Amino acid sequence: MGLTVDGLTVRYGSLAAVSDVDLSVADGSVVALLGPSGCGKSTLLRAVAGLEPPAAGRVCWDGMDLAGVPVHRREFGLVFQDGQLFPHRDVAGNVAFGLRMRGTSSSAARSRVSALLSLVGLAGYESRRSTELSGGEQQRVALARALAPSPRLLLLDEPLSALDRALREQLAVDLARVLAGTTALVVTHDHDEAFTLADRVAVMRAGRIVQTGAPSSVWQRPVDEETARFLGCSTFVPATVHSGVARCELGVVGLPWAPDGEAVLGLRPSALRPFESGVKGEVLERVHRRDHVRLRVRLATGHEVDAVAGVLDTDDTVTLALDPDGVALVGGSQ
Amino acid sequence: MARARPGLTPALVALIPLGFLAVFFVWPVVAILRLGIGEGGVLTVLASPQTWRLVGFTVGQAAASTAVALVAGLPVAYLLARTALPGLALVRVAILVPFVLPTVVVGLAFRTLLPDGGVFAIVLANSFFNVAVVARTVAGLWSHLDRRATDAARSLGASPLRAFRLVTLPALAPAIGSAAAVVFLFCATSFGVVLILGGSRYRTLETEIYLRTVELLDLPGAAALSLLQLLAVVAALTAGAIARRRRETALRLCPPSLVARRPAGGEWVVVGVALAVVALLLLPIVVLVSRSLGGRFAGYRALAGTGYDGSLQVSGVDAALNSVRAATDATVLAVTLGTLASVVLVSLSRSRVRRGVVETMDTALMLPLGVSAVTVGFGYLVTLNMLPGDLRTSPQLVPLAQALVVTPLVIRLLLPVLRSIDVRLRQAASSLGASPLRVWREVDVPLAGRSLLTAVAFGYVVALGEFGATSFLARPDTATLPVAIARLLSRPGELNNQMAYAACTLLIVVTVAAVVVVESVRVPVGEF
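Residue numbers (the numbering used here), protein chains in the order written: chain A, 146 to 479; chain B, 10 to 537.
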């Protein structure tokens, strides 16, 4: 069964940070709460943890209402953005904390601690001081600490946001491996992170969940234009879909998963690439990114669009064609 | 849900320190005020030009002392906060010792240095105490101030002095403001120093209240003056609280290791001034100790007796033992009450109780710092016979009064540390299965433990040196060392002087020991 949230509302004074949210996390699955900062996703996570009292609605585990269950009896592990390791304890003392609270014997705790430290890639770190660790290491210890008492649900609040990019990408992969098979709710504003970690994604905006689904379906079919913009789409064009082929004024693109009918296409920069044939345009701006160049192009059709080109393309004019990988269909899959 | 009844448990615990405050502070003070007002004549006193001359002198000497303490304290703050030089630990000890020295000791030291005394001596002695408050409060903030703001100003063309004036000084203003407020408070209510150095010529509100109550039995006069003083104290405390709030919120801070470095160029001048201030702070102590060693230790040998011609009713050794006993009881009581009060205050501010409630309670708990100890002491004699087991004749009366003075200090030491504990650290412990009580034991207690030790050490020396209330409440046979010293000084006889020097040296030794303990645990001292 796992976690179910019914009609949950959390208020700060007169402001509803979370409004009438329904959400479920099935046993053994990982759900990402994805949304811009300030959308209420962290508040929702804190309400699930028992750190914020709900103004209305219920948080249930296996169908049992948790209203009367305080934080320390919920058996929900919690990982903060910046670790929050106990500064007066060493690494082992941090990881063993939850085991001590549950009265685990110290020898059992020791072997559990060393197993978890190797799981997070920090084998042998037991006696290191928590204040001497790097940001990435602290976050790994925080993860091991939360996992040690085998929580029935793991709550992660922007677990990778405080790290620099290279570290974040590496730790995201490690985290996905560690989370496989556990039940977890991850809050993040980064869609790459959400799609790396989660089986299901819930998109949140202004205190409400606007879309829930598998990562690929949310990625391909954002429920509305604002969600599509949040997921990276910058150009929107009307189109007609027939037999898995979408036609619009910028060209034709194969979208085998799209249903027939009128539609709006959301184009990410990667949806338009230089090609032998297609729509001609004038390059207005050229920004070098990691492995590609981001173009701002004024097309012959009058549109100004973002596009992606190879690093070596330096012409002032380009011919762009649609690439199905960067195309989303706005309007959800209902 | 754990947060469904915010603040109910803390509110119940709050009853203990607040109840103590009510019974052993508010009640006696109110009783004295009513006694005075009831007899009439308060208005006469308030209308008398003599009263306002007294107020003028009190405020004037406090303002002058505060100014001197600021001017002397800022270079020392710079030395402590911004420079990486060997021997800074010694400087920390050296400036902290004066702060906790008993007032009678300081009074005697300045009387020895400046036999002609007067206003000059009073101002110097009062600022002598408080250089540490300025230096440490300001250094506390300064050592966390990002140097890059100044660097930016310099790169935009400001000279070092101009960058200091336009960038650093405004950033330090909250700390300087709150230090100035508390120093002003201490100086305005300073008792022992003014009594010893001012004699009957220079009187402040505090000593005048004492003289009117004890010698003239002029209760309406004393009550009117107490009222005035109380109002002034509340004003100063409120100003301090406002400055504190601004300091907590306004600044971008960074770890201290990044800002301390070897001074260069003109900075050495500031370092030189700071070291001169430290040397001047040590001078009175050195003079006092060397005097005590004169006459082949006659003063120390005399401690076994009762002074020249039986000036005391107990021997010096007995007075020392009385001091130790009273200070021990007072410290235990004050640390217990102060810890409870800090826990309550921090719990209330962590739950969603309105900020005003917490700040009002915080200010109320600071009040005993500023109300005339004499008023409190006299109030005890008027009220405490109504409690079961007449406390007025109990030897426990002195520790109770001392605890009242020490408790605010304990709170000011513990509260900032408890406040600085990230609430998410506690939430992490909760989510790992720690009950609310267990969170205190596992997180707050270990993190605030060293500050608690500091509070114990400081509380102990302050109780040991407490003079105002003790001089009023201690009976001749339960006199503590500071009371005995004052008594010796008021009696003729060279032996009495030597004995007083020796007794002062004993107090200095204990004080230095306590300060060394405090410094060796290395916690930031004080948020005033």
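Note that beta-carbon positions come from the ideal geometry of N, C-alpha and C, so glycine has one too. Note that this is a predicted model, so its numbers are computed, not measured.
With burial defined as no fewer than 16 other Cβ atoms inside 10 Å of the residue's Cβ, what is the status of residue i: buried or exposed?
i: A/P199; result: buried
i: B/G166; result: exposed
i: B/G16; result: Legend: pLDDT at B/G16 = 49, less than 50; position of this residue unreliable, no value from coordinates given.
i: B/A438; result: buried
i: B/N506; result: buried
i: A/H336; result: buried
i: B/V518; result: exposed
i: B/L422; result: buried
i: B/T258; result: Unreliable positioning characterises B/T258 in this predicted model, as indicated by a pLDDT of 49, which lies under 50. The coordinate reading is nonetheless provided below. The residue is exposed, with fewer than 16 neighbouring Cβ atoms inside 10 Å.
i: A/S275; result: buried
i: A/L148; result: buried
i: B/G502; result: exposed
i: A/V150; result: buried
i: B/T53; result: exposed
i: A/R345; result: buried
i: B/L292; result: exposed
i: B/V326; result: exposed
i: B/G208; result: exposed
May I have the straight-line CA-CA distance separating residue i from residue j, to the nearest angstrom?
i: B/A410; j: B/L378; result: 11 Å
i: B/A457; j: B/L427; result: 6 Å
i: B/F66; j: B/P58; result: 12 Å
i: B/R450; j: B/N139; result: 35 Å
i: B/A11; j: B/L441; result: In this prediction, B/A11 has a pLDDT of 39, which is less than 50 and means its spatial position is unreliable; nothing more can be read from the coordinates.
i: A/F340; j: A/G358; result: 11 Å
i: A/L153; j: A/V348; result: 16 Å
i: B/G474; j: B/T146; result: 22 Å
i: A/F221; j: A/G185; result: 20 Å
i: B/T121; j: B/V419; result: 32 Å
i: B/L342; j: B/I104; result: 27 Å
i: B/P533; j: B/R221; result: Here the model assigns B/P533 a pLDDT of 49, short of 50, so the residue's position is not dependable and the matter cannot be decided.
i: B/L376; j: B/F387; result: 17 Å
i: A/T464; j: A/F381; result: 19 Å
i: A/D461; j: A/R431; result: 10 Å
i: A/A260; j: B/E528; result: 41 Å
i: A/H217; j: A/A325; result: 25 Å
i: B/L27; j: B/L374; result: 8 Å
i: A/F420; j: A/V368; result: 30 Å
i: B/T479; j: B/T60; result: 26 Å
i: B/R364; j: B/L497; result: 49 Å
i: B/A307; j: B/P19; result: 55 Å
i: B/A245; j: B/E276; result: 34 Å
Closest to residue i by C-alpha separation, out of the options, would be which residue?
i: B/Q405; options: B/V452, B/M395, B/N331; result: B/N331
i: B/T216; options: B/T384, B/A288, B/A523; result: B/T384
i: B/I185; options: B/A86, B/P37, B/V353, B/V432; result: B/A86
i: A/T446; options: A/T459, A/G426, A/L264, A/A452; result: A/G426
i: B/V22; options: B/P179, B/S351, B/T213, B/V191; result: B/S351
i: A/Y485; options: A/A192, A/V428, A/D436, A/Q315; result: Outside the displayed span of chain A (146 to 479) sits residue 485 of chain A, for which this structure offers no information.
i: A/V450; options: A/L262, A/H387, A/R413, A/T459; result: A/R413
i: A/A408; options: A/L417, A/P419, A/H387, A/P383; result: A/P383
i: B/G303; options: B/V68, B/A523, B/G47, B/Y510; result: B/Y510
i: B/P408; options: B/A488, B/L284, B/P445, B/S444; result: B/A488
i: B/A539; options: B/R484, B/T340, B/V492, B/P425; result: Outside the shown range of chain B (10 to 537) lies residue 539 of chain B, about which nothing can therefore be said.
i: B/R305; options: B/A172, B/I430, B/M508, B/S168; result: B/M508
Would you say residue i faces chain E, with C-beta separation under 8 Å as the test?
i: B/P111; result: The structure shown contains no chain E; the protein chains it does contain are A and B.
Notebook entry, point to check: Which runs of the alpha helix (DSSP H), 4 residues or longer, sit entirely within the segment 237 to 295 of chain A?
Noted result: 242 to 246, 251 to 264, 280 to 292
Checklist line | Unbroken stretches of the alpha helix (DSSP H), 4 residues or longer, contained in the segment 318 to 362 of chain A | finding: 336 to 342
Check: Can you list, in chain order, the stretches of the alpha helix (DSSP H) that have 4 or more residues and sit fully within the segment 363 to 409 of chain B?
Finding: 364 to 375, 382 to 392
Next item on the list: Determine contact between the segment 151 to 169 of chain A and the segment 274 to 289 of chain A, defined as no fewer than three beta-carbon pairs at a distance below 8 Å.
Entry: no
Notebook entry, point to check: Looking at C-beta atoms only, is the number of pairs between the segment 352 to 372 of chain A and the segment 385 to 393 of chain A that lie closer than 8 Å three or more?
Noted result: no
Check: Taking only runs of the alpha helix (DSSP H) that begin and end inside the segment 363 to 412 of chain A, which ones reach a length of at least 4 residues, in chain order?
Finding: 370 to 375
Item checked: Stretch pair the segment 293 to 304 of chain A + the segment 266 to 282 of chain A: three plus CB contacts closer than 8 Å -> The segment 293 to 304 of chain A vs the segment 266 to 282 of chain A: no contact.
Check: Hey, is the segment 289 to 298 of chain B in contact with the segment 109 to 123 of chain B, meaning 3+ C-beta pairs nearer than 8 Å?
Finding: Yes, they touch.
Note to self: Closer than 8 Å is the cut-off here; do at least three beta carbon pairs connect the segment 374 to 390 of chain A with the segment 208 to 217 of chain A?
What the structure shows: no
Notebook entry, point to check: With contact counted as at least three CB pairs below 8 Å, one residue from each stretch, are the segment 234 to 241 of chain B and the segment 361 to 373 of chain B in contact?
Noted result: no
Notebook entry, point to check: Between the segment 150 to 165 of chain B and the segment 105 to 114 of chain B, do three or more beta carbon pairs fall short of 8 Å?
Noted result: no
Check: If we count Cβ pairs, one from each stretch, closer than 8 Å, do we get three or more for the segment 63 to 77 of chain B versus the segment 180 to 196 of chain B?
Finding: The count of Cβ pairs closer than 8 Å, one atom from the segment 63 to 77 of chain B and one from the segment 180 to 196 of chain B, reaches three, so the stretches are in contact.
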